[in-house]
Amino acid sequence: MKLIFLGPPGAGKGTLAAKGVEICHIPHISTGALFRSAIAIMNPLGSKVKAVIEEGRLVDDETTILLVKERLAQKDAQSGYILDGFPRTLFQAKALAAFSAVDKVLNLEISDAAALERLSGRRVCRKCGANFHITFNKPKHEHRCDVCGGELFIRKDDREAAIRERLEVYREQTLPLIEYYRNQGLLVDIDGQGLVDTVVTNFKKALEIC
Ligand code: AP5
Ligand code: MG
Ligand code: ZN
36 MKLIFLGPPG AGKGTLAAKG VEICHIPHIS TGALFRSAIA IMNPLGSKVK
86 AVIEEGRLVD DETTILLVKE RLAQKDAQSG YILDGFPRTL FQAKALAAFS
136 AVDKVLNLEI SDAAALERLS GRRVCRKCGA NFHITFNKPK HEHRCDVCGG
186 ELFIRKDDRE AAIRERLEVY REQTLPLIEY YRNQGLLVDI DGQGLVDTVV
236 TNFKKALEIC
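Just so we're aligned: 47 in this note's numbering is position 12 of the sequence shown, and the numbers increase by one with no gaps anywhere.
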């Protein structure tokens, strides 16, 4: 199953993808996570994209498309994948169509107010990338990851100014993809506002696996 997760920042794409990996046994490919790994080791890609990401703007299409093309060519992605955060522009969507056919596009919907609340309370594990929230998904220990014990940190793009920029960029550049994929009959809307378990149930219904 080849899936795209669309949705604004904070919609819960990463959280749902972590569950989707267990349900569908396919890899979770997050362009944001790939960029953050490159930044963590400060390789040439990391130094190129660091400032852009921390300010909440989009990395250029050419760099992003090449990254995804190479990742999708790997063995584990041949029978399926969850693409989280890609495509994010019409140009990226058309480029993707030339190298991979997707089965469904899941559009996670939440309000701006919910996105702000979720992102301003998010904590991320430095070691394994797991997401927590200081209210909605509290880690057992304030600064440690429940999964691997790694240190929890606040993403630089989760400051309020960067969140607002990301929401604006989403509206301008990514929103048109909803109609693009709806016109192709691939889009399924999912209410992302409920509890994580409810969103997982909505996901299974959308894939007709429960
Ligand atoms: P990326 O990492 O993809 O960030 P994003 O799209 O802004 O989305 P987030 O990761 O912030 O939110 P999410 O939907 O995954 O929510 P999460 O599950 O964490 O991209 C980062 C940057 O990389 C971009 O700004 C851009 O610069 C660059 N980039 C990436 N892809 C690119 C591309 N294709 N082209 C160009 N540039 C690109 O949940 C959020 C919080 O809410 C968590 O704390 C979680 O615990 C909590 N939560 C989740 N679900 C629920 C729920 N149901 N109820 C209550 N709380 C919940
Ligand atoms: Mg994410
Ligand atoms: Zn961890």
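For every residue, glycine included, the Cβ atom is placed at its ideal position computed from N, Cα and C.
Since the structure is predicted, the reported quantities are computational estimates derived from the model, not experimental observations.
Please classify residue i: does DSSP put it in a helix, a strand, or coil?
| i | result |
| --- | --- |
| Cys-163 | coil |
| Glu-243 | coil |
| Arg-179 | strand |
| Thr-99 | helix |
| Thr-50 | helix |
| Gln-127 | helix |
| Gly-55 | helix |
| Ala-153 | Here residue 153 is Arg; the residue named in the question, Ala, does not match the sequence. If DSSP states are grouped into helix, strand and coil, Arg-153 belongs with the helices. |
| Arg-194 | coil |
| Ser-72 | helix |
| Ala-136 | coil |
| Ala-108 | coil |
| Ser-114 | coil |
| Gly-81 | helix |
List the DSSP bridge partners of residue i.
| i | result |
| --- | --- |
| Arg-158 | Phe-167 |
| Asp-119 | Phe-40 and Ser-65 |
| Lys-90 | One detail in the question is off: residue 90 reads as Glu in this sequence, not Lys. BP columns for Glu-90 are empty, so no partner. |
| Leu-143 | Ile-225 |
| Asn-172 | His-168 |
| Glu-186 | Arg-179 |
Assuming residue i and residue j are in contact, meaning their beta carbons sit under 8 angstroms apart, how far apart are those beta carbons, in whole angstroms?
| i | j | result |
| --- | --- | --- |
| Ala-112 | Ile-64 | 7 angstroms |
| Thr-50 | Val-223 | Wrong, their Cβ atoms sit about 18 angstroms apart, outside the cutoff. |
| Pro-174 | Arg-157 | Contact flag wrong, Cβ pair sits at about 11 angstroms. |
| Glu-195 | Gly-91 | In fact, because the Cβ distance is near 10 angstroms, the residues do not count as touching under 8 angstroms. |
| Arg-139 | Leu-210 | Contrary to the premise, residue 139 reads as Lys rather than Arg in this sequence. Not a contact, Cβ separation roughly 19 angstroms. |
| Gly-81 | Ile-74 | 4 angstroms |
| Asp-119 | Lys-48 | 5 angstroms |
*Kindly confirm or deny that the segment 149-169 and the segment 83-100 touch, where touching means at least three C-beta pairs closer than 8 angstroms.*
Counting C-beta pairs with one atom in each stretch, the segment 149-169 and the segment 83-100 have fewer than three that are closer than 8 angstroms, which means they do not touch.
*asked:* Pairs of beta-carbons, one from the segment 49-58 and one from the segment 79-86, closer than 8 angstroms: are there three or more?
replied: Counting Cβ pairs under 8 angstroms, fewer than three are found: no touch.
*Can you list, in chain order, the stretches of the alpha helix (DSSP H) that have 4 or more residues and sit fully within the segment 202-243?*
Counting only unbroken stretches of 4 or more residues, the alpha helix (DSSP H) elements lying wholly within the segment 202-243 are 211-218 and 231-241, in sequence order.
*Pair every Cβ in the segment 181-195 with every Cβ in the segment 156-172, then say whether three or more of these pairs are closer than 8 angstroms.*
Below 8 angstroms, enough C-beta pairs join the segment 181-195 and the segment 156-172 to call them touching: three or more.
*Do three or more CB pairs link the segment 225-239 to the segment 132-149 at distances below 8 angstroms?*
Yes, since at least three Cβ pairs between the segment 225-239 and the segment 132-149 fall closer than 8 angstroms, the two stretches touch.
*Would you be able to state if there are at least three C-beta pairs under 8 angstroms between the segment 201-218 and the segment 116-127?*
Yes: the two stretches touch, three or more of their Cβ pairs being nearer than 8 angstroms.
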